[in-house]
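Take a look at the structure below.
Numbering (full-length UniProt numbering), first residue to last: 1 to 782.
Structure below.
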C-alpha cells in the first residue's frame with residue numbers, strides 16, 4: 001500500500017569532500033591535498049567554505065542536534081506509540097558531538113597541534129584553505145563549549161526550587177516624634193497561593209529583619225499619625241521636651257563614660273563588695289552560659305587577696321568583666337553602673353591590640369565572650385552585638401573550637417570540656433544576636449562537629465579520667481545542655497525569618513513551631529525528674545531563663561503572621577501563640593507580677609527570686625527586649641479586641657491583658673530610674689495605655705488625638721524633670737555646653753530601646769595560657 005504522507009525533506013549535510021572528488025563522485029580521503037588530487041596533478045585540491053550552510057548550522061552542531069531532537073520528540077509525542085516499542089539507546093553528548101563533526105574536525109584542540117598535521121609539501125593556496133578550515137573547526141568547538149556551559153546552567157536552575165513571585169511594597173512613615181521609617185513588605189506567593197509577607201524596616205543607616213522588635217513597633221504608627229497634625233510645626237511641648245531629654249541623655253552618658261582609650265589598672269573594689277559581685281555573676285549568667293571553670297577561677301581570685309604578687313593583666317581584665325556583669329544584678333537600681341562601664345572600657349582597650357597572635361588562646365576567648373555579654377547587658381555599644389558575635393565565631397573557628405576535641409591532638413578532659421563549653425556558648429550567643437538584630441545567623445549545622453558539653457560538674461574535671469553523670473542527674477552544665485537540644489530548632493526559626501532567600505510558607509511555620517515544642521517537652525520531662533528523685537535541681541533563675549528563651553523563639557516564629565491574624569481567621573493559631581508566649585515572657589521576667597498566681601517555692605532564698613527581674617530592669621539586650629515585645633503584642637491584641645467589639649453586654653476581655661499593659665508603664669519608668677536615658681519606651685507605653693483606656697470608655701474618635709498628645713506631653717515632662725536632676729548630680733556648670741554634644745558619639749537610637757550610642761571594633765590580645773597549648777592538667781587562670 002502506498003502511503004499518502006509526503007516524504008520528509010532530507011536535511012542537507014555539510015560537504016566534507018573536496019570540489020574535484022565531489023564533482024567526479026569518487027571517494028575522497030579528506031586530506032589536504034587529497035590522494036585523488038595528488039594523482040591527477042591537474043587541479044588544485046579545494047574545499048568549499050561553510051558559507052552555504054543553512055543559518056541554523058551557524059549556531060553550532062550541538063545546537064542543531066538539540067533542535068532536531070526537540071522536533072523529533074514533539075512528533076513522537078503526537079504520534080501513536082507501539083505498545084512494545086524499543087527505547088532508543090541514550091548516547092552521551094560528547095559522543096553525539098564527535099559524530100556530528102566532520103572527520104576533518106577530528107583533530108586536537110590545540111591550534112599548534114592542528115597546524116602540525118598539515119603537510120609541509122602542500123601548496124600555498126591549499127595551506128591557506130586548510131588553515132581556514134581548521135580555524136573554522138576550532139571556532140565551532142568553542143561555540144559548542146559555550147553552549148554546553150549555558151545548557152548546564154539552565155539545567156541547574158531548572159532543578160532548583162522555583163523562586164516565588166515577589167511583590168515589593170515600600171511604605172515610608174514619617175513623624176515628628178518617631179522619625180522616618182521605610183517599611184519594605186515583600187509579599188511572596190507560596191505553592192498554595194497564600195501571600196507570605198516578609199517585612200524589613202529601615203531606619204537611618206540600619207536595616208532590621210523580620211525578627212527585630214521594630215516589626216511590632218511599626219504596627220503602632222497609627223498613634224503617631226493621629227497626633228502628627230498637632231506637632232507638625234515643631235513647637236509642641238511633646239517635641240521640645242523630647243529634644244531636651246535627648247540632650248540631657250548625652251550629658252548623663254558623658255558623665256559615665258571614661259576617656260578612650262582606658263588602659264586597665266589593678267584597682268578593685270573592696271573584697272566584700274567584690275565577693276558579692278562574683279557571686280551575682282556565678283549565680284546568674286554562668287549557670288546558663290558556661291564560660292569559666294569555676295574552681296580554677298576561684299583559686300586565682302582568692303590568691304589576689306592573700307598574696308602580694310601582682311596578678312597578670314589577663315586575669316585582672318577577666319575579673320573586672322565578671323564584676324561588671326555581677327553589678328547588673330547586685331541591687332535594684334544598678335548603683336555601680338559607672339564602675340561597670342569603666343571596667344568594660346578597660347577590658348575593651350586591652351583587647352584592642354592589633355597583634356592577633358597572642359589572642360589565640362582559651363583565656364582570651366573567654367574574655368571576649370564576657371566582653372560581648374557585658375557590652376550588651378550594660379549597654380556599652382550593645383547594638384553591635386551581632387557584629388561582635390560574627391568576629392567571635394570566626395576567632396573560635398580559627399582556633400578549631402568547631403571541631404570536636406576527639407578529632408584534635410590528645411588533651412586532658414578539662415581542656416576538651418572547656419572547648420566544648422565555649423563553643424556551645426558562642427553558638428548560643430550568636431543565635432541570640434541574630435534573633436535580636438534581625439540579621440541572618442550565618443552559621444549552620446554543617447559548619448561544626450563539636451559535641452555538646454558533657455554532663456560534668458566543675459569539680460569532676462579536676463580528677464583524673466572523670467566519668468560524666470547520667471542525663472537524669474543535674475549538674476552545672478545541665479542547663480547549657482538543655483539549650484543545646486533546642487538549638488537546631490531555634491536556628492531553623494532564625495534562618496526562616498532572617499535569611500535573604502527564605503521563602504517559607506505558613507505550613508513551614510507550623511512545622512517549626514511543632515518541632516521546637518516537642519524538643520522542649522522532652523527537656524521538661526528531664527527537669528521534672530530532678531525534683532522527683534531528690535537530687536539537686538536547677539534554680540528558679542535557670543528554669544525561668546530556659547522558659548524565656550524557648551517562648552521568645554516561639555513568639556518570633558509567628559511574627560510575620562500576627563498582623564494578618566488580626567484580620568484573617570486562617571492565621572488564628574499564630575495570634576494565639578504570640579499572645580500566650582508574650583504572657584509567659586512577662587511572667588518569667590516578673591514573678592512578682594499580679595499575673596503570676598503561684599510564686600516560686602519557699603525553700604529558695606528570696607534574693608534569687610527577682611534576679612532575672614533585676615537583669616531586665618537594670619540591664620539591656622535579649623531579656624529586656626523580650627519583656628518589651630510582650631508588652632507590644634498584648635497591647636495590639638487588646639486594641640484589636642476593643643475596636644472589633646460587637647456586643648452590647650458586658651465585655652468578655654481578659655483582665656490579665658489589661659493588667660499587663662498597665663503594669664508595663666510602671667516597669668518602664670523603673671528602668672529610667674535605674675539609669676535608662678532613652679525615654680521613648682516610656683513615652684510609647686503612655687500613649688498606648690491612653691488609647692486603650694479611651695477605647696474601653698467609648699471616647700469619641702475625634703477626641704482621641706488630643707488625649708494622646710496630652711499623654712505624650714505629660715510623659716515628656718516627667719522624664720525631663722528626672723533627667724535634669726540626674727544630669728545635675730556631679731556635673732559642673734559648663735558640662736552641658738562643653739561635653740553634651742562633643743565628648744560622646746551622636747545619639748543613635750530614636751526608637752532603639754535596647755541600643756546605645758557607641759559602636760566598638762572588637763579587637764583583642766591576651767597573655768598565652770599554657771594549659772590549653774601544653775595540655776597541662778592544672779588550669780592556669782581561667
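By construction, the Cβ of each residue, glycine as well, lies at the ideal position given by its N, Cα and C atoms.
Compute the beta-carbon to beta-carbon distance between residue i and residue j, rounded to the nearest angstrom, for a pair I have assumed lies under 8 Å.
i	j	result
residue 527	residue 486	No, residue 527 and residue 486 are not in contact; Cβ-Cβ is about 13 Å, not under 8 Å.
residue 241	residue 728	Not quite, the Cβ-Cβ distance comes to about 17 Å (not below 8 Å), so this is no contact.
residue 343	residue 324	4 Å
residue 677	residue 249	4 Å
residue 264	residue 171	Contact flag wrong, Cβ pair sits at about 48 Å.
residue 672	residue 682	6 Å
residue 783	residue 477	Residue 783 is absent from the model: the chain starts at 1 and stops at 782.
residue 403	residue 449	6 Å
residue 371	residue 351	6 Å
residue 431	residue 373	Contact doesn't hold; Cβ gap of about 14 Å is too wide.
residue 237	residue 725	The pair is not a contact, with the Cβ atoms about 19 Å apart (cut-off 8 Å).
residue 400	residue 408	6 Å
residue 708	residue 689	Contact doesn't hold; Cβ gap of about 11 Å is too wide.
residue 453	residue 481	6 Å
When we look at the beta-carbon of residue i and count the other beta-carbons within 10 Å, is it buried (16 or more) or exposed?
i	result
residue 445	exposed
residue 637	buried
residue 532	exposed
residue 205	exposed
residue 501	exposed
residue 562	buried
residue 29	exposed
residue 509	buried
residue 700	exposed
residue 521	exposed
residue 306	exposed
Going by DSSP in three states, residue i sits in which element: helix, strand or coil?
i	result
residue 287	helix
residue 17	coil
residue 644	coil
residue 170	strand
residue 47	coil
residue 125	Summary for residue 125: the model assigns pLDDT 48, below 50, so the residue's position carries little reliability, and this model does not support an answer.
residue 26	coil
residue 595	coil
residue 459	helix
residue 572	helix
residue 816	In this structure the chain extends from 1 to 782, so residue 816 is not present and cannot be described.
residue 654	coil
residue 292	coil
residue 324	helix
residue 310	coil
residue 519	helix
residue 589	helix
residue 336	coil
residue 689	helix
residue 681	helix
residue 560	helix
residue 32	coil
residue 151	helix
residue 729	coil
residue 671	helix
residue 716	helix
residue 450	coil
Any chance the CB of residue i is under 7 Å from a heavy atom of the ligand GDP?
i	result
residue 422	In the structure shown, the ligand GDP is absent, as is every other ligand, since no ligand is present at all.
*Ranges of the alpha helix (DSSP H) found wholly within the segment 174-260, counting only runs of at least 4*: 214-217, 221-231, 237-256
_Tell me whether the segment 652-664 and the segment 221-232 touch, counting them as touching only if at least three CB pairs, one residue from each stretch, are closer than 8 Å._
no
*Those runs of the alpha helix (DSSP H) which lie wholly inside the segment 469-516 and span at least 4 residues*: 478-498
*Are the segment 419-432 and the segment 365-378 in contact at 8 Å, needing three or more beta carbon pairs?*
yes
*Report yes or no: do the segment 611-622 and the segment 536-552 share at least 3 C-beta pairs separated by less than 8 Å?*
yes
*Contained alpha helix (DSSP H) runs [length at least 4] in the segment 345-427, N- to C-terminal order*: 362-378, 385-398
*asked:* Would you call the segment 381-395 in contact with the segment 434-453, where contact means no fewer than 3 C-beta pairs closer than 8 Å?
replied: yes
*Does the segment 577-593 come within contact of the segment 625-633, defined as at least 3 CB pairs closer than 8 Å?*
yes
*asked:* Any contact between the segment 459-479 and the segment 288-301? By contact I mean 3 or more CB pairs, one from each, below 8 Å.
replied: yes
*Can at least three beta-carbon pairs, one atom from the segment 279-287 and one from the segment 323-340, be found at a separation below 8 Å?*
yes
_Which runs of the alpha helix (DSSP H) at least 4 residues long sit entirely within the segment 609-643? Give them in chain order._
611-618, 622-643
*With a cut-off of 8 Å, do at least 3 Cβ pairs link the segment 197-212 to the segment 550-567?*
yes
*Taking contact to mean at least 3 C-beta pairs separated by less than 8 Å, is the segment 17-25 in contact with the segment 34-45?*
yes
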